[in-house]
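Structure record follows, encoded as structure tokens.
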Amino acid sequence: MCRRPENLVSTAIEMVCQFHKGTSCITATRPNIRRCLVWKPPPLGLVKINYDASYSVQDGIAGLGVVCRNAEEEVIASASRRLDFMNLDRMEEESNEYEYDDEVTRVWEIKQDRIANMQKQMSEAPRLLSKAAGKSSCCIFRVPQSLVEINGKCYQPRIVSIGPFHRGQANLKMIEEHKWRYLGSLLSRIQTKGLGLEDLVKAIHPLETKARDCYSEAIDLNTDEFIEMMVVDGCFILELFRKVGKLVKSQPDDPDPLFSMAWILAFFYRDFLRLENQIPYFVLQRLFDLTRMPEEEESGLSLSAIALEFFNNAMLRPDEDIAKHHGLKARHLLDLVRMSFIPPPPESNAPTPTNVNVIHCVSKLRRAGIKLNPGKADSFLMVKFFNHGGVIEMPTITIDDFMSSFLTNCVAYEQCHATCSKHFTTYVTLLDCLINTYKDVEYLLDRNILENYFGTDAEVARFINNLGKDIAFDIHLCYLSTLFNDVNQYYKNSWHVQWASFKYTYFNTPWSFLSALAALILLLLTLAQTFYTIYSAYKR
């Protein structure tokens with residue numbers, strides 16, 4: 003039997019031997035053969051194999067030498083092998099298999115240019131996922147393809163490109179023209195402070211290396227192009243914040259087309275909070291500090307304050323909730339808004355429960371007597387469970403186009419960044435657990451836990467379930483691990499389940515209650531009739 007070839011040369015020798023046996027085997031009368039085999043299509047990249055076979059009549063030993071070449075006539079490898087045959091002629095007639103001697107000599111001949119190319123590949127830094135992506139300073143990522151395949155275009159800007167990842171796309175050129183107009187408007191104001199475009203460029207230049215390290219990919223822009231992008235995009239964002247926040251007086255006789263069409267501003271809210279569409283926050287902060295006018299300095303408004311107030315036009319949170327986060331320091335705008343929702347850490351250092359599992363859907367929880375009520379808190383992330391009454395309190399969350407985009411990008415950011423908290427990933431996992439079908443959505447809507455401006459109840463259920471797909475999640479380290487554990491412990495209590503199941507079956511609707519009441523009255527009347535019948539018979 004032949005031994006299965008384990009490398010390129012062994013495979014080549016095997017192929018030569020098989021071809022050779024089927025055509026003209028070397029024998030005592032034909033001791034030497036030299037041929038060149040050419041395969042189309044080439045197996046294993048071996049376009050051409052030169053081989054030289056010989057046979058010693060006296061010793062009965064056959065030898066085979068093989069040289070493998072690719073399509074460019076480059077020698078890939080060469081080897082020699084000794085073949086021991088008892089009777090070559092008989093083997094040709096009876097078998098297609100060979101016994102090879104264990105002693106095999108292989109001599110590899112690899113061109114130096116291949117070695118040089120391999121060494122060059124090793125010395126080059128990765129570009130699609132740079133070395134900086136492993137550092138905590140890296141905070142702007144390409145969304146993983148697995149999430150893109152599930153959530154589609156939620157990560158793609160629709161109207162404006164910020165930063166390098168979507169720079170120059172044809173569908174975003176309209177706003178590119180207005181960026182320069184906004185930059186000119188800003189420069190006309192700061193001229194009164196003695197500042198110009200050159201001052202903005204000089205201020206950002208020292209931040210170039212630090213800014214590049216914020217991106218997970220190597221940016222194919224030279225220094226001038228990169229700094230120009232940071233200045234133009236950053237000033238556009240700041241000027242838009244100021245215009246929307248009425249920190250800059252508008253000209254009634256010269257209306258801004260970006261405000262004349264309502265749909266444009268709605269897309270700005272979403273595009274500024276897409277993970278792939280960010281510039282570092284410290285770049286924005288440097289430009290903001292440099293371009294502040296005296297009246298802004300007197301008001302004491304911070305960059306985080308005007309940014310959160312800008313996005314609050316889409317979120318509609320109470321002003322007092324926004325005011326609590328005016329001093330936040332973030333990595334970029336998406337991180338800023340995300341952090342404004344994250345609740346403070348709990349005061350008690352309760353031990354983390356072990357063997358925690360995710361909870362059941364709304365329908366099953368209700369059958370176990372667990373209720374869901376709307377809660378009152380600054381953030382929808384502040385979910386609580388009260389074991390005494392079996393109640394989960396969840397602050398109301400509005401699901402619309404803005405919130406769906408925001409949630410999707412927050413989860414993507416938490417999946418990519420190594421050191422940031424996983425609050426949104428945890429919350430999305432909770433929603434995914436609670437919602438299996440549109441009926442679960444209906445119940446949460448009835449309880450004022452969800453507000454739906456997104457689509458049908460089935461579409462909301464599908465969105466939530468997709469949001470929870472293919473995400474890394476450690477339930478033992480999440481901020482809701484205690485809640486998951488307590489809900490499951492309550493769910494497993496047999497008394498709770500039996501009593502709740504009885505109520506759910508017989509008292510879930512007015513009609514089921516009336517049916518149960520009628521059955522109870524009928525039972526009581528039957529018992530009374532039986533009693534009086536027995537009592538009358540006894541009296542006689």
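Here the sequence shown stands for residues 3 to 542, where the numbers follow the numbering used here. Note that CB positions come from ideal geometry on N, CA and C, so glycine has one too.
Query	Result
Alpha helix (DSSP H) runs wholly inside the stretch 139 to 163, at least 4 long, in chain order	147 to 153
Cβ neighbours of A118 in the same chain (closer than 7 angstroms, five flanking residues each side left out)	none
Any 3 or more C-beta pairs closer than 8 angstroms across the stretch 273 to 286 and the stretch 143 to 162	yes
Identity of the residues DSSP links to P397 by a beta bridge	G377
Where G198 falls, given that 16 or more other Cβ within 10 Å makes a residue buried	exposed
Inter-residue CB distance, I437 and I473 (contact presumed, cutoff 8 angstroms)	Between I473 and I437 the Cβ distance is about 15 angstroms, and since that is not below 8 angstroms, they are no contact.
For K424, the three-state DSSP class (helix, strand or coil)	coil
Sequence-distant residues of its chain with Cβ nearer than 8 angstroms to V234 (five each side left out)	K181, W182 and L185
Beta bridge counterpart(s) of L452 as assigned by DSSP	I399
DSSP three-state assignment for S304, whether helix, strand or coil	coil
Beta-carbon proximity of C435 to C480, cut-off 8 angstroms	no
C-beta atoms of S304 and D215 nearer than 8 angstroms	no
Other residues of its chain near E96: CB distance less than 7 angstroms, five sequence neighbours each side excluded	In this predicted model, E96 has a pLDDT of only 40, less than 50, meaning its place in the structure is not dependable enough to derive any value.
Neighbourhood of K471 by C-beta, 7 angstroms cutoff - its chain only, sequence neighbours within 5 removed	I152
The stretch 357 to 371 / the stretch 407 to 424 touching (three or more Cβ pairs under 8 angstroms)	no
Inter-residue CB distance, I308 and L249 (contact presumed, cutoff 8 angstroms)	7 angstroms
Cutoff 8 angstroms: F143 Cβ touching any chain C Cβ	No chain C appears in the structure shown, which is made up of a single protein chain.
Run of the alpha helix (DSSP H) containing F486, from where it starts to where it stops	S483 to K494
Rounded distance between the beta-carbons of F404 and A316, thought under 8 angstroms	4 angstroms
Span separating the alpha-carbon of G392 from that of Q147	40 angstroms
Backbone CA spacing between M396 and F387 [nearest angstrom]	9 angstroms
Environment of P282 [buried if 16+ CB atoms lie within 10 Å]	buried
Proximity of N411 and L336 at Cβ, strictly below 8 angstroms	yes
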